[in-house]
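Everything in the sequence shown is counted per the working numbering, starting at 24 for the first residue and increasing by one.
Heads up, the beta-carbon is just placed ideally off N, CA and C, and yes, glycines get one too.
Values in this document were obtained by computation on a predicted structure and should not be read as measured data.
Worksheet: one structure, shown below.
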Amino acid sequence: MSTAATSFPERNAAEVADIVLAPEAAAPDVLARRARQRRQMYIGQVASYSLGASVLLLYAYGGTVDMAVPSLFWLGGLLIIGTFTVLSEAGFGDRFEDHYLTVFQISTHMALQLVFLLAVPTVGVAFLAVLFLIFAFGTLRMTSRQAMVTWGLATCGLALVFLGSDLPIGLPVATRLERTASMLCFVLVIGQCAFLGLFGATLRKILYRRSIELKAAYQRIEELAELDELTGSYNRRCIMRLLDVQIEKARKASAPFAIALIDLDWFKRINDAHGHPVGDEVLRTFAITIFANIRPADCFGRYGGEEFLLLLPDTSDEAAQRMLERLRSIVADLDWNAFSPGMHVTISAGVVTLRDADTADTFLARADRALYAAKAQGRNRIATS
24 MSTAATSFPE RNAAEVADIV LAPEAAAPDV LARRARQRRQ MYIGQVASYS
74 LGASVLLLYA YGGTVDMAVP SLFWLGGLLI IGTFTVLSEA GFGDRFEDHY
124 LTVFQISTHM ALQLVFLLAV PTVGVAFLAV LFLIFAFGTL RMTSRQAMVT
174 WGLATCGLAL VFLGSDLPIG LPVATRLERT ASMLCFVLVI GQCAFLGLFG
224 ATLRKILYRR SIELKAAYQR IEELAELDEL TGSYNRRCIM RLLDVQIEKA
274 RKASAPFAIA LIDLDWFKRI NDAHGHPVGD EVLRTFAITI FANIRPADCF
324 GRYGGEEFLL LLPDTSDEAA QRMLERLRSI VADLDWNAFS PGMHVTISAG
374 VVTLRDADTA DTFLARADRA LYAAKAQGRN RIATS
């Protein structure tokens with residue numbers, strides 16, 4: 024039998040997913056795809072009504088129903104489909120979140136089935152079977168509120184049929200032709216339900232895959248928002264946030280916490296003498312070297328220009344100084360000649376440990392004073408405050 028249930032071809036599930044994931048303020052290309060999907064849906068509905076009318080035609084040839092019934096049923100379906108097609112082409116549905124006007128479509132197609140059930144009760148079971156197909160169509164896009172509304176309308180309609188009349192509702196199986204028509208009725212309904220189930224499963228898979236892709240993209244955006252593009256270390260905003268977090272953790276656990284403010288010595292001279300591209304490579308190589316020689320729990324970020332901030336949780340002042348001295352030695356011993364003959368890069372660092380009265384600002388200020396002390400002492404050294 025017929026219904027509004029025959030939806031989009033399975034091959035278009037990816038396009039449907041694009042539409043589902045589209046923003047509320049749909050772009051013109053999204054509106055065009057929506058309109059195309061609705062046209063395909065209406066073509067499917069016409070095919071479904073044609074199949075239903077064919078089954079009724081078999082009943083008519085067998086003398087079970089009047090010959091006018093198949094034509095009237097088909098024309099009634101075309102009238103509903105034509106109305107929604109006109110609204111669709113006019114862009115009426117695009118004004119609403121549910122641009123398919125699902126509740127209205129389900130209600131009108133359901134009403135048509137109930138009207139013919141009352142008019143031709145001898146084949147009423149066939150029309151009742153189609154109601155399942157109509158709701159299978161609706162489940163692809165109905166919200167819980169829409170489902171309750173359509174279920175309530177269906178309940179009222181069925182109450183009118185079953186309680187408001189004494190008409191016998193049957194499914195003719197007296198002759199071979201009637202049995203064939205009745206069998207085809209259920210075969211077609213089951214087939215269309217299976218198609219909708221397959222389409223729904225395909226759409227869910229695509230939406231799940233898209234959600235994974237969106238999640239990965241979101242994580243990537245978060246990473247990019249937290250990282251310095253040149254060095255791959257945390258940017259200033261992120262390292263400052265991590266500083267606050269580590270201060271709070273250290274105080275809660277009564278654990279030592281050290282930081283080091285690191286500066287590349289005479290970096291401006293490197294830029295002036297060798298150019299900014301070489302300077303960028305120096306910064307990048309320095310960052311890679313630090314990452315390769317710190318613990319997983321440590322946090323390293325670009326504080327500004329050629330200054331970097333290293334967070335050392337669970338680290339005493341003495342251990343922090345030893346670590347920074349080791350890092351200083353590693354950087355100084357690197358073969359910087361690969362960038363430019365005769366190039367030599369060193370670092371200075373100010374190392375401090377957290378005190379009870381420290382805030383993030385005072386903590387950093389002490390590290391900054393220690394760094395300037397290291398520079399004042401001749402650079403390429405570690406100082407504390």
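Residue i beta carbon near the ligand NAD (any heavy atom closer than 7 Å)
| i | result |
| --- | --- |
| R378 | Absent from the structure shown: the ligand NAD. Ligands present: none. |
Which of helix, strand or coil DSSP assigns to residue i
| i | result |
| --- | --- |
| V196 | coil |
| P300 | helix |
| I282 | strand |
| R402 | coil |
| V374 | strand |
| D251 | coil |
| Y2 | Here the chain covers residues 24 to 408 and nothing more, so residue 2 does not appear. |
| P191 | coil |
| Y257 | strand |
| P453 | Nothing in the structure corresponds to residue 453, since the chain is present only between 24 and 408. |
| G175 | helix |
| E348 | helix |
| R325 | strand |
| L287 | strand |
| F331 | strand |
| R264 | helix |
| T459 | Given that the chain is displayed from residue 24 to residue 408, the structure contains no residue 459 and the question cannot be resolved. |
| T407 | strand |
| F115 | coil |
| N360 | helix |
| H132 | helix |
Option in the options with minimal Cα separation from residue i
| i | options | result |
| --- | --- | --- |
| S363 | L151, H132, V172, H297 | H297 |
| A58 | R274, L110, S73 | L110 |
| A55 | A113, D321, A224 | A113 |
| H299 | G328, R61, T198, A276 | G328 |
| A283 | Y326, G302, K291 | Y326 |
| R404 | V368, P51, R227 | V368 |
| I103 | Y72, R118, Q269, F119 | Y72 |
| Y82 | A197, M366, R232 | A197 |
| K275 | D379, G180, R259 | D379 |
| D121 | F96, R168, V153 | R168 |
| V126 | A372, A142, L163 | L163 |
| D303 | F314, R318, L287 | L287 |
Rounded straight-line distance, which links the Cα of residue j to that of residue i
| i | j | result |
| --- | --- | --- |
| F139 | I229 | 38 Å |
| D267 | L334 | 11 Å |
| Q151 | A248 | For clarity, residue 151 is Leu in the given sequence; the question names Gln instead. L151 and A248: Cα-Cα distance of roughly 57 Å. |
| P46 | R402 | In this predicted model, P46 has a pLDDT of only 43, less than 50, meaning its place in the structure is not dependable enough to derive any value. |
| T407 | D295 | 30 Å |
| L190 | V53 | 48 Å |
| L226 | Y65 | 19 Å |
| A397 | V301 | 25 Å |
| Y395 | W289 | 13 Å |
| A383 | L377 | 9 Å |
| A393 | T312 | 23 Å |
| A388 | Q269 | 17 Å |
| I235 | A224 | 17 Å |
| A48 | S94 | Because A48 sits at a pLDDT of 47, beneath the cut-off of 50, its placement in the model cannot be relied upon, and the following sentence gives the value as read from the coordinates. So the two alpha carbons sit approximately 42 Å from each other. |
| F119 | C208 | 35 Å |
| I192 | G67 | 28 Å |
| E22 | D251 | Limits of the chain in this structure are 24 at one end and 408 at the other, which puts residue 22 out of reach. |
| R61 | G99 | 19 Å |
| R11 | R318 | What the structure shows of the chain is the stretch from 24 to 408, and residue 11 is not part of that stretch, so it cannot be assessed. |
| R259 | G373 | 18 Å |
| P51 | L237 | 22 Å |
Sub-8 Å separation of residue i and residue j beta-carbons
| i | j | result |
| --- | --- | --- |
| A390 | V375 | yes |
| I353 | I285 | no |
| A170 | S205 | no |
| M165 | T173 | yes |
| L265 | N316 | no |
| I262 | G175 | no |
| G75 | E201 | no |
| D337 | P279 | yes |
| F155 | Q128 | no |
| V146 | L221 | no |
| R340 | A281 | What sits at residue 340 in the sequence shown is Asp, not Arg. The answer is yes: Cβ separation under 8 Å. |
| L137 | G180 | yes |
| L141 | S188 | yes |
| L124 | F96 | no |
| V420 | L101 | The question about residue 420 has no answer, for the chain in this structure spans 24 to 408. |
Chain D contact for residue i (CB, 8 Å cutoff)
| i | result |
| --- | --- |
| T87 | Here there is only one protein chain, and chain D is not present. |
Does the structure place the stretch 328 to 348 close enough to the stretch 356 to 365 that three or more beta carbon pairs sit under 8 Å?
no
Counting pairs of Cβ atoms below 8 Å between the stretch 241 to 258 and the stretch 182 to 192, do you hit three or more?
no
Do the stretch 205 to 218 and the stretch 156 to 164 make contact, defined as three or more Cβ pairs closer than 8 Å?
yes
Using 8 Å as the threshold, is the stretch 296 to 310 in touch with the stretch 250 to 258, meaning 3 or more CB pairs across them?
yes
For the stretch 80 to 94 against the stretch 130 to 138, are there 3 or more C-beta pairs whose distance is under 8 Å?
no
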